[in-house]
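**Student:** In case it helps, our numbering puts the sequence shown at residues 36 to 324. Idealized CB from N, CA, C, for every residue including glycine.
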Amino acid sequence: MEISNQYMLTLNDIYPFNMFVPDSSSKTLFPSHWHDECLEIIFFTQGTAELHIGGLSYTAEPGDLFFISEGMIHSGFATLETPRYYTILLDRYRMVGSDLSSVGYAALLTGKLNLPILLQPDYAHYDILAKIVKSVVDEFLHRDQGFEPAVKSYLHILLIQLARLYSSSSEDSVHKQEANRRKVERLKDVISFVNENYQDKITVKQAADIAKISPYHFCRVFKDAVGRTFNEYVQLYRVSKAEELLKETDLPITRIAEIAGFGSIHYLDELFKRHRGCTPMQYRKHSSQ
């Protein structure tokens with residue numbers, strides 16, 4: 036099950052891509068999620084962040100370019116300075132279907148890719164790919180007449196470059212990707228379960244049963260994939276829900292503690308201070324200024 040994101044609603048058959056500048060006021064930039072049909076590209080321009088992508092951890096810095104393949108679990112957390120970054124979502128299959136001229140090279144645009152997750156300015160191929168991504172960002176920011184087809188053209192060029200540089204055709208590579216995919220698929224149902232039931236008591240045993248593996252093995256696999264222990268993930272997800280309620284509603288904090296699954300205001304205070312460095316009341320006052 037893919038997490039529902041409001042910005043995904045703007046993807047359509049004519050323009051199967053979107054770009055947005057996320058709200059970086061929260062320490063949790065985005066909780067663990069994935070996009071079954073979209074390649075995600077993140078371009079950092081300011082500050083730093085801690086990203087967990089496909090079971091690996093990265094410190095994102097200005098200039099860094101991240102490629103997150105379809106179906107790959109990823110999450111992000113702000114560190115000291117509030118980061119600024121741009122995210123591009125691209126549905127490669129719908130992009131081919133939206134343009135008759137691309138049908139002839141559909142296999143090239145939608146083929147398997149062995150993408151590097153991170154490209155930094157001194158890495159090979161960075162200049163070629165970063166130039167195209169920056170052009171996409173500029174078109175979206177300025178939104179001059181005809182920016183949509185201009186973006187589409189740049190993204191066609193980007194896909195062709197990615198295919199030329201990182202096409203995955205070797206049997207070993209395909210088997211490795213499939214093994215990683217099966218490993219991650221087990222966790223998607225767990226993440227969806229937490230996102231839908233965070234208000235209730237959730238145990239490691241429940242999560243391991245959903246993943247159909249032993250609790251010991253589950254804890255190791257989950258931390259490798261998400262970058263947090265399972266209990267930390269549940270705590271952070273509940274804290275992020277409390278954050279939303281503190282910013283967007285006037286509900287009493289005792290009620291927010293109940294809705295977000297903490298059970299008591301004291302437990303909410305404890306975890307909020309641990310993960311956000313302030314009390315819920317202090318956070319509400321600061322966010323309303």
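Give me the DSSP bridge partner(s) of Glu75.
**Tutor:** According to DSSP, Glu75 bridges with Ile103, Leu124.
**Student:** Rounded to the nearest angstrom, how far is the Cβ of Ser275 from that of Pro66, given a contact under 8 Å?
**Tutor:** Their Cβ separation, rounded to whole angstroms, is 6 Å, which keeps Ser275 and Pro66 in contact under 8 Å.
**Student:** List the residues that DSSP assigns as beta-bridge partners of Ala198.
**Tutor:** For Ala198, which the question treats as bridged, DSSP gives no partner whatsoever.
**Student:** At what residues does the alpha helix (DSSP H) containing Asn53 begin and finish?
**Tutor:** Element bounds for Asn53: not the alpha helix (DSSP H) but the beta strand (DSSP E), 52-55.
**Student:** Along the chain, where does the alpha helix (DSSP H) containing Ser275 start, and where does it finish?
**Tutor:** Looking at the DSSP string, the run of the alpha helix (DSSP H) that includes Ser275 is 265-283.
**Student:** From the DSSP output, which residues share a beta bridge with Phe112?
**Tutor:** In DSSP, Phe112 forms a bridge with Thr63, Glu85.
**Student:** Pairs of beta-carbons, one from the stretch 265-282 and one from the stretch 304-311, closer than 8 Å: are there three or more?
**Tutor:** The stretch 265-282, when compared against the stretch 304-311, does touch it at the 8 Å Cβ threshold.
**Student:** For Lys276, decide whether its Cβ has a neighbour in chain B, counting only Cβ atoms nearer than 8 Å.
**Tutor:** No chain B is part of this structure, which consists of one protein chain only.
**Student:** Classify Ser322 as helix, strand or coil using the three-state DSSP reduction.
**Tutor:** Helix, per DSSP.
**Student:** Give me, in chain order, the residues of the same chain whose beta-carbon lies closer than 7 Å to that of Thr63; leave out the 5 immediate sequence neighbours on both sides.
**Tutor:** Cβ within range, chain order: Phe112, Leu271, Ser275.
**Student:** So, under 8 Å CB-CB, Lys247 and Arg221 are touching, yes? Tell me the CB distance rounded to an integer number of Å.
**Tutor:** Contact holds; Cβ gap of about 7 Å.
**Student:** Applying the criterion that 16 or more other CB atoms from any shown protein chain within 10 Å of the CB defines a buried residue, is Arg127 buried or exposed?
**Tutor:** Its Cβ being crowded by 16 or more others within 10 Å, Arg127 is buried.
**Student:** Within its chain, find whatever has a CB closer than 7 Å to the CB of Thr114; leave out the 5 residues flanking it on each side and keep chain order.
**Tutor:** Excluding sequence neighbours, Thr114 sits near Thr83, Ala84, Glu85.
**Student:** Tell me which residue opens and which closes the alpha helix (DSSP H) that Thr289 is part of.
**Tutor:** 288-294 is the extent of the alpha helix (DSSP H) around Thr289.
**Student:** For my contact list, Leu150 and Phe102 are in at a C-beta cut-off of 8 Å; report their separation, rounded to the angstrom.
**Tutor:** With a Cβ gap of about 4 Å, Leu150 and Phe102 count as contacting.
**Student:** Anyone know if the C-beta pair for Ala198 and Leu153 falls short of 8 Å?
**Tutor:** No, these two residues do not count as a Cβ contact at 8 Å.
**Student:** Let me know if Thr122 comes out buried or exposed under the rule of 16 or more other beta-carbons within 10 Å of its beta-carbon.
**Tutor:** The residue is buried, with at least 16 neighbouring Cβ atoms inside 10 Å.
**Student:** Whole angstroms is fine: what's the gap from Ser205's alpha carbon to Ile195's?
**Tutor:** With a pLDDT of 48 at Ser205, under the threshold of 50, the predicted position of this residue should be treated as unreliable, and no value is reported.
**Student:** Restricting to Cα atoms, I'd like to know which of Met316, Asn266, Phe265, Glu283 is closest to Thr289.
**Tutor:** It is Met316 whose Cα lies nearest to the Cα of Thr289.
**Student:** CA-CA distance, Pro118 and Leu74?
**Tutor:** For Pro118 and Leu74, the distance between alpha carbons rounds to 22 Å.
**Student:** Where does Ser205 fall in DSSP's three states?
**Tutor:** Residue placement at Ser205 cannot be trusted, given a pLDDT of 48 that sits under 50; what the coordinates show is reported in the next sentence. Of the three classes helix, strand and coil, the one that applies to Ser205 here is coil, per DSSP.
**Student:** Can you say whether Pro51 is buried or exposed, counting buried as having 16 or more other CB atoms within 10 angstroms of its CB?
**Tutor:** Result: buried.
**Student:** Terminal residues of the continuous beta strand (DSSP E) containing Leu91?
**Tutor:** Note, Leu91: beta strand (DSSP E), 91-95.
**Student:** On the three-state DSSP scale, how would you describe His70?
**Tutor:** His70 falls in the coil class under three-state DSSP.
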